[in-house]
Structures are given as structure tokens and as C-alpha cells.
Amino acid sequence: MKVAILGYGTVGSAVVETLLKNQDLIKARCDEEIIPVIALARSPKKNALIPVVCDIDEILEREDIDVFVELMGGIDLPFELISKILKRKKAVITANKALLAYHRDELEKLAQDTAFGYEASVAGGIPIIKILKEGLSANNIFSIKGILNGTSNYILSKMAEDNAKFQEVLKKAQELGYAEADPTFDIEGYDAAHKLLILANIAYGLRVKPEDILIEGISRVSDEDIYFAKEFEYTIKHLGIAKIKDEKIELRVHPAMLDKDKMLAKVDGVMNAISVYGDILGESLYYGAGAGGKATASAVIADLIDIARKEKNSAIFGYLNDTSYKLLDKDEIYTRYYLRLKVLDKIGVLSKITQLMSEHQISIDTFLQKSKKEKEDCSTLFFITHQTYEKNIQILIQKLKEQEFIKSDIFMMRIED
Ligand code: NAP
Ligand code: HSE
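In terms of my numbering, the sequence shown opens at residue 51 and continues consecutively.
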């Protein structure tokens, strides 16, 4: 089976290297040689293991290619290329979650009975797509909750373990090949949202776009939040959450405080983990490297092996799930909240804040005031609330912003119980 690799970067080069290194083992497992014959990049590659060209037509023209593996990134160009290739009834594999978050349905429809695999698009090497489509296919999925972005988890872990600085750890994550070409996708939560939408589409048939859901990243999490979390036995993790609530689907992506003893709270570094709760199985948890060339190559090659085996399994063939589920409105999210605010340290401030909280049906569970430093006139206050609706918290934040004693942005984080 001849394969073209469209994109010879972190993942593309790892796929080629692994196909060559494990060629005998792969052949034994699918009774066919899988040969990477040509790759595409924007600039020539001196030490590449296979010929790398910069003109896509040189690859598309070749009739002998059986599978095209898209590992370029971006949305519009890969959409155009993959559509063209699927129309020619040639198999496609992609790791491109941004593309799939916007165009998966159209591409699945185009593919019909042509293989179209995207295991590598969610949670790096963890075979979560296969798990949802096959292993858990008897279950009504009540919830999916996961650490879906390796870069964010790596940054949060290093900040908590080694007091490392955000920008320095982000740079390291980029050097290690974990981050997206534009790392704002990682640190502002979009990458995790793209992955969550793919999972929610498989589990619930939900067809919504990233713009429709609540997305927050880790860029505003500070040393102070990490300090507070440690003091009160929480761990901060960036989570993607999909769950059924009142016959609707709640979808959200944001940093969250978790009880430090929960299993997801113990997942550190570039690791991802996904907890799936099904009506028959109950909870199951999947753990593994969520980013990096090798982890992602492992998932890409698993799809290639499935294609070589010529099995008509649902992991690489269409799985469009039609349901009548609607998205839960963001205002109806109901959870506990953490708030950090810097205020003028003067009489009446705390009582005004608690008065505003009670006017908006918000009850305080935990409170901490950090002693101010000498010569400073501001204090930092930390609150954890009891459960309340998102709309109440959002109104409270608006009201607080109008107060003259508020001296910096108010930071809010949800607690995941
Ligand atoms: P990368 O290191 O930036 O590699 C991208 C490759 O595609 C490069 O070789 C680049 O060429 C080539 N390319 C990009 N645009 C092109 C264009 N217009 N024409 C021709 N070639 C083009 O990216 P990556 O980290 O390997 O990620 C690739 C894909 O996998 C992305 O969709 C990403 O979201 C996804 N993914 C990545 C990871 C990970 O851990 N890195 C994990 C899962 C999924 P040049 O080398 O000449 O720039
Ligand atoms: N940038 C992504 C991450 C790559 O850090 O999780 C894996 O999808």
C-alpha cells in the first residue's frame, strides 16, 4: 500500500520514521507493506527519509498512491485537498482537528464507502475515537470529561510543580513539538474545543461549531490561583466537558479546579486523559500521551493498518449519528465557581461584595484574603461559591466591575466536582 504524506513536520516526519522503523512488524499485522513514497512540505527538506516535494500537483497526479495522509494543518487548503481526493475515491487520514471541527460532516458524506480516518485528531495516541465508535457503542454516553490539550496540561503541571513561568514553559512545549503552529489555539482553549466537538459529534450526533460553545484557555491562570488551589487541596486542569443535561448537551472547555485526589487531577505533563461515563459500563478512563510526533504517529499508523486490513470497521468508515439533541445554553451551566479579585483594602468593601453575591443568589463556600504587602493599598480576595447558575456569576462579575474598589480584572474559574 503506497502512502503520500501531506506535511513533513513534527507528525509527518514521525509517521515516516515509524513506518520505516517498524515495517516488518506492521507488515506482519496487516499482511501488507505500508510504504511512504512521497511527502509534501512548503520548503525542501535536506535530510528527509523519503522524497519531499513542494508542489502538491506532483503528488495528486500520481495514480499509484493508495492513501493520502494530511498532516499540514490549517482549514481551507486541507478541506479543498481532502474533498478532491475523496471524490476520486482515494482513502484519506488526517490528524487535523481544526478542520474536522468545521467540516467533518461534509467530509464523511463525501467519503461514503471510502476510508476516512482521523484517530490522531483527538488526544494524540489515545485511541478514543475507536473506543467511542466501537468499544462503547452499546452505551448511551452520559458524559465525556477530559484533559484534551497536551500543551496546556504541560504548562499547568510545570507551573504547579516547579513554579515555572508561563511563557518559558510554552516555549519548551513548542520545542518539544506539542504546540500548534499558532500556540494561541492551545492556550486559549480552541484546540481542546475542536477535539471536544469531534467527540460530541460521535457520541451525540451534535453538529455545532466552536463559536457556539463556551471556550476559555489557561492564559489567565496565575501563580496566585495555583497557590490558592494548593492551599485548599485542588489541582487546576484544563478540561473539555460534554454531558447530557435535561435532554440537552452541555459542552464547555475551560480551566477548572478539581479535587486533588480525583484521577484527572493526577494527570500531569503532556499526558491526556478522558473519562467516559456510559449507561451500561459506568465510568471508564483512558490515559496516554496527548501530543508530540511519536504519540500522534501511533494513531495515524493505526488508521493506516486498519485500511490495509481492508476491514469495513466504523473507525475508518462513516459514522454519522443523527439525533435530536440540542446544545444547552451557557447561562444554564450549574456548578461551583472560584473568583479572584484585587480590591482596595478599605472599610465596607467585603460587605459590598457579599451583598452583591446574595442579591444574585450566590452563596460563599470558602473565602481567603491574602495579606497585602507593605506600602500596598490593595488586597487579593479569593472566593469559592456553592453551586449556582452561570448567568448569576456573569451578572455578579459585571456588577463587581462597576465598583470603584475593584483594582484589576476579575478572574473566574469553574470547579468540577
Ligand atoms: P508542523 O510541524 O507545523 O508541520 C506541518 C507540515 O506541513 C510542515 O512540513 C509544513 O511545511 C507543511 N505545510 C504546512 N502548510 C503547507 C502548505 N500550504 N503547503 C505545503 N506544505 C505545507 O505541524 P505538526 O505539529 O506536524 O501538525 C500537523 C497536523 O497534525 C496539524 O493539523 C496538527 O493540528 C495535527 N496534530 C499535531 C499534533 C502534535 O503533537 N504536533 C498532535 C495531533 C495532531 P514546512 O515544513 O516547509 O513548513
Ligand atoms: N497542540 C496539541 C496539544 C497537539 O498540545 O494537545 C495534540 O493534538
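Each residue gets a CB set at the ideal place from its N, CA and C atoms; glycine is no exception. What you are looking at is a predicted structure, and each value in this text was computed from that prediction instead of being measured.
For the 8 Å CB-CB criterion, Y336 and A315 do not form a contact.
If you compare the alpha carbons of F417, I197, Y387, K360 with that of L400, the shortest gap goes to F417.
For the options I445, I88, P233, I330, the alpha carbon positioned closest to that of D114 is the one of I88. Under the DSSP assignment, A170 falls outside any alpha helix (DSSP H); it carries neither an H nor an E label. Here DSSP, grouped into helix, strand and coil, assigns Y228 to coil. Counting C-beta atoms within 10 angstroms of its own C-beta, E184 has fewer than 16 neighbours from the protein chains shown and is therefore classed as exposed. Between K293 and S193, the C-beta gap is smaller than 8 Å, which places the two residues in contact. In terms of CA proximity to S269, G239 leads the group N251, H244, I252, G239.
Closest option to I412, judged by alpha-carbon separation, among I100, Y388, S429: Y388. Within its own chain, the residues whose Cβ lies closer than 6 Å to the Cβ of F278, once the five positions on either side in sequence are excluded, are F432, listed in chain order. The DSSP assignment places complete alpha helix (DSSP H) segments of no fewer than 4 residues inside the segment 170-258 at 200-212, 216-225, 234-237, 240-254, in order along the chain. Nearest C-alpha to L247 among Q453, L149, S421: L149. Contact between T68 and A347 holds, with the beta-carbon distance rounding to 5 Å and staying under 8 Å.
Within the same chain, Cβ atoms closer than 7 Å to the Cβ of I100 are found at V66, P86, V87, I88, A89, the five residues on either side in sequence being excluded. Only residues of its own chain outside the window of five on either side were considered, and among them C104 have a CB closer than 7 Å to the CB of R92, listed in chain order. According to the DSSP assignment, N442 belongs to the alpha helix (DSSP H) that extends over 440-451.
Between the C-alpha atoms of K287 and I197 there is a straight-line separation of about 7 Å.
Residue ranges of uninterrupted alpha helix (DSSP H) with 4 or more members, entirely inside the segment 311-363 and ordered along the chain, are 343-359.
Per the DSSP secondary-structure output, L389 pairs in a beta bridge with F433, M462. Using a cutoff of 7 Å, the CB of A231 does not count as near the ligand HSE, since none of the ligand's heavy atoms is closer than that. The continuous beta strand (DSSP E) containing M307 extends over residues 298-309. Where P260 is concerned, there is no enclosing alpha helix (DSSP H), because DSSP gives it neither an H nor an E. For A145, the shortest C-beta to heavy atom distance toward the ligand NAP is below 7 Å.
Relative to the non-hydrogen atoms of the ligand HSE, the Cβ of T234 never comes closer than 7 Å to any of them.
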